[in-house]
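Under the UniProt record's numbering, read the sequence shown as residues 48 to 436, first letter to last.
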Amino acid sequence: PGLVSYDPGFTNTASTRSSVTFIDGEKGILEYRGYPIEQLAEHSNYLEVAYLLINGELPTKEQYDAWEHEITFHTFVHENIKSLMQGFRYDAHPMGMLLSGVGGLSTFYPEARNISDPEVRHLQIVRMIAKMPTLGAWAFRHAQGKPYVYPDNDLSYAENFLAMLFKMSEPKFEADPRLAKALEILFILHADHEQNASANAVRSVGSTQVDPYSSLSAGIAALYGPLHGGANEAVLRMLRRIGDVSNVPAFIEGVKAGDERLMGFGHRVYKNYDPRATIIKKACDDVFEVTGVNPLLKIAVELEKIALEDEYFVKRKLYPNVDFYSGLIYEALQFPPEMFTVLFAIPRTAGWLAQWVELVDDKEQKIARPKQIYTGGRQLTFTPREQRW
Ligand code: CMC
Numbered sequence: 048p049g050l051v052s053y054d055p056g057f058t059n060t061a062s063t064r065s066s067v068t069f070i071d072g073e074k075g076i077l078e079y080r081g082y083p084i085e086q087l088a089e090h091s092n093y094l095e096v097a098y099l100l101i102n103g104e105l106p107t108k109e110q111y112d113a114w115e116h117e118i119t120f121h122t123f124v125h126e127n128i129k130s131l132m133q134g135f136r137y138d139a140h141p142m143g144m145l146l147s148g149v150g151g152l153s154t155f156y157p158e159a160r161n162i163s164d165p166e167v168r169h170l171q172i173v174r175m176i177a178k179m180p181t182l183g184a185w186a187f188r189h190a191q192g193k194p195y196v197y198p199d200n201d202l203s204y205a206e207n208f209l210a211m212l213f214k215m216s217e218p219k220f221e222a223d224p225r226l227a228k229a230l231e232i233l234f235i236l237h238a239d240h241e242q243n244a245s246a247n248a249v250r251s252v253g254s255t256q257v258d259p260y261s262s263l264s265a266g267i268a269a270l271y272g273p274l275h276g277g278a279n280e281a282v283l284r285m286l287r288r289i290g291d292v293s294n295v296p297a298f299i300e301g302v303k304a305g306d307e308r309l310m311g312f313g314h315r316v317y318k319n320y321d322p323r324a325t326i327i328k329k330a331c332d333d334v335f336e337v338t339g340v341n342p343l344l345k346i347a348v349e350l351e352k353i354a355l356e357d358e359y360f361v362k363r364k365l366y367p368n369v370d371f372y373s374g375l376i377y378e379a380l381q382f383p384p385e386m387f388t389v390l391f392a393i394p395r396t397a398g399w400l401a402q403w404v405e406l407v408d409d410k411e412q413k414i415a416r417p418k419q420i421y422t423g424g425r426q427l428t429f430t431p432r433e434q435r436w
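The structure is reproduced here in structure tokens:
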């Protein structure tokens, strides 16, 4: 009591206990509910991982079937939310549209405020996981001036998302299974990452006991920021600027001289290869088999090769992170850069919800209310305007 520690950015303060995600940054380990990310990416799918994150255990067949069925049949959103989306400017950023759409959903489900009822909570969780791809795809179509595509409940989660994004006039959309699989993997890798800025935003707002749509829209707002969800876009811009493999050595020299950072390298927590980057690099090959190789890949591979052998990067433990290769895949899948963060927000919904449930269930949690160290003036005497002006 009376002792306040100053820790801007929470670099050394645990804000919660959590059993959702484990990270060992020194060893490059990431586990959801104890399961290594490599195993989940190889053998599972996004909906199963979402179930695992939120419920703490892998589903039985019956549980999985019921979960998939529920989510599939909640993918539609109210027509008035569609009108809300249609009301945005033609060049509205899809993240702004997404966060408004999710915040707006709270007004359609006022019962969601009753967060102490597990059944009510469950229904909102299902709704949010189901509706995020619909809102994300509509934000994408909006920017292109194309009609919004309604969900197709016969498709899998990833296929349905691809259909709502890319379907033109043909009656049935069939995604290439290799692309749908790559999207599943990217979704699994982005599903949670313990106490990052957006999870912290969800928890902080959730601690006021507001409904989960409002809490999640705070998470989306946090993710919107370039320091959080925007680095993969910066990687692509960097690769394009480098332009050719022959320019890589000079670029690296510039980074070492402090001219700029090698985007997609380094991490606050990982001081070893980001395990997600290893998996994404492999997924690149599968995607490029379908779409043709993104010519920027050669530059990325050369950058990585030189950096991993260079003393500057070795000494500082700078390795590729999740963003180094993901943008290349997104671009190959025909996404414009503004959509990259939406592609992060959709799968992260599972992690935000898992952490929100943990928060609501935790009787030790209190309303988030950090201390401050006051640096302003004190006990000043107010001079009325007539005397000051
Ligand atoms: N390129 C060149 N030098 C770097 C880089 C980089 N990408 N990252 C760190 N350094 C250097 C930095 O200059 C410093 O050197 P020195 O000790 O000589 O001053 C040293 O490495 C430590 O850097 P730091 O800024 O103290 O490290 P941090 O933990 O605060 O920053 C980071 C982590 C991710 C912000 C940073 O590595 C960075 O800016 N990377 C590029 C942007 C990026 O790829 N961001 C995506 C992160 S992963 C997304 C996610 O998981 O949400």
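Ideal Cβ placement from N, Cα and C applies to all residues, glycine included.
Within the same chain, Cβ atoms closer than 6 angstroms to the Cβ of glutamine 171 are found at Ala159 and Pro259, the five residues on either side in sequence being excluded. CA-CA distance, leucine 286 to leucine 343, rounds to 6 angstroms. Per the C-alpha coordinates, the member of Pro322, Tyr271 and Asn102 positioned closest to lysine 74 is Pro322.
It is roughly 10 angstroms from the alpha-carbon of phenylalanine 234 to the alpha-carbon of alanine 227. With respect to asparagine 243, histidine 275 sits close: the two C-beta atoms are nearer than 8 angstroms. From the listed residues Asp333, Ile327 and Pro367, the smallest Cα separation to histidine 314 is found for Pro367. For glutamate 78, the secondary structure class from DSSP, reduced to helix, strand or coil, is strand. Restricting attention to Val173, Val282 and Gly103, the CA atom closest to the CA of threonine 119 is found in Val173. A distance below 7 angstroms between beta-carbons, with the five flanking residues on each side excluded, links aspartate 370 to the following residues of its chain, in chain order: Ala278, Asn279, Val282 and Gly311.
8 angstroms or more divides the Cβ of glycine 72 from the Cβ of valine 361.
The ligand CMC has a heavy atom closer than 7 angstroms to the beta-carbon of asparagine 243.
Ranked by Cα distance from leucine 146, the first of Tyr197, Leu212 and Gly266 is Gly266. DSSP, reduced to helix, strand and coil, places isoleucine 70 within a strand of the structure shown. Contact between the region 378-395 and the region 185-202 is present: 3 or more CB-CB pairs across the two stretches fall below 8 angstroms.
Pairwise C-beta distances place the region 248-256 in contact with the region 399-409, as three or more of them are shorter than 8 angstroms.
A buried status is given to histidine 240, since no fewer than 16 other beta-carbon atoms sit within 10 Å of its beta-carbon.
With the rule of 3 Cβ pairs closer than 8 angstroms, the region 188-198 counts as touching the region 137-146. Straight-line spacing of the CA atoms in leucine 209 and aspartate 199 works out to 10 angstroms. Going by C-alpha positions, glycine 398 is about 12 angstroms away from alanine 248. Less than 8 angstroms separates the beta-carbon of glutamate 95 from that of tyrosine 111.
By the CB criterion at 8 angstroms, aspartate 201 and valine 337 fall outside the cutoff. Under the three-state reduction of DSSP, phenylalanine 57 is assigned to helix. Proline 165: member of the alpha helix (DSSP H) spanning 165-191, first to last residue.
For leucine 202, there is no enclosing alpha helix (DSSP H), as DSSP gives it neither H nor E. At least one heavy atom of the ligand CMC falls within 7 angstroms of the beta-carbon of arginine 315. The nearest non-hydrogen atom of the ligand CMC is 7 angstroms or more from the C-beta of valine 173. A distance of 8 angstroms or more separates the beta carbons of valine 334 and isoleucine 299. Around the beta carbon of serine 66, a 10 Å sphere encloses fewer than 16 other beta carbons of the protein chains shown; the residue is thus reported as exposed. Apart from sequence neighbours up to five positions away, the residues of its chain that approach glycine 290 with a beta-carbon distance below 8 angstroms are Ile346, ordered along the chain. Per DSSP, the unbroken alpha helix (DSSP H) holding tryptophan 403 starts and ends at 387-408. In the structure shown, the three-state DSSP call for phenylalanine 429 is coil. The beta carbon of glycine 301 sits no closer than 7 angstroms to any heavy atom of the ligand CMC. Counting only the Cα atoms, valine 302 lies some 13 angstroms from glutamate 358. DSSP places proline 141 in the uninterrupted alpha helix (DSSP H) bounded by 141-155. Within the region 207-275, the alpha helix (DSSP H) runs of at least 4 residues that lie entirely inside it are, in chain order, 224-236, 244-253 and 259-271. Put simply, the backbone Cα of proline 296 is about 17 angstroms away from that of leucine 365.
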